[in-house]
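Here the structure is laid out as structure tokens; the discussion comes afterwards.
As structure tokens, then:
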């Protein structure tokens, strides 16, 4: 079985109900990518020409993703669509770039969770989301060859 097929099977487990929270660490555009799991190595973002959080397209829509399990993960740079449905409102979706490990769910920049929750990130803290991997181009990435 091709590695990409195995990877796709593993990722399918994450195309489901998850949670999303925030960490202000990901809001600092000047932070070096050396501080996250998707730093260097063949699958790293530095290897692909990015140096800081702010150098990534769509910043601050970045964060930790459950599919990234450690340094140099094949899921580094993958793009994820997160959809939040508030109790009394319309669904909202954003796309985020995987830059780090996401233990216990998706962990986003505060600004990204604010985008997703219509400015209620601080009040809500952690929200239930539907998550699915989408093409890297949906996050403005054109280098990535991760199969979806």
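Residue numbers (mature numbering (1 follows the signal peptide of the UniProt record, and there is no 0)): -17 to -1, 1 to 131. Backbone N, C-alpha and C fix where the C-beta goes; we use that ideal spot for every residue, glycine too.
How is residue 103 classed by DSSP in three states: helix, strand or coil? coil
Residue 52 versus 22, 84, 31, residue with shortest Cα-Cα distance: 84
Buried or exposed by the 16-neighbour rule on C-beta atoms within 10 Å, applied to residue 122: buried
Here's the rule: buried if 16 or more other CB atoms are within 10 angstroms of the residue's CB, otherwise exposed. What is residue -2? exposed
Kindly identify the DSSP beta-bridge partner or partners of residue 2. For residue 2, which the question treats as bridged, DSSP gives the partners 111.
Along the beta strand (DSSP E) that carries residue 83, what are the first and last residues, could you check? 75 to 84
Judging by CA-CA distance, which residue of 56, 105, 73 is the nearest neighbour of residue 3? 105
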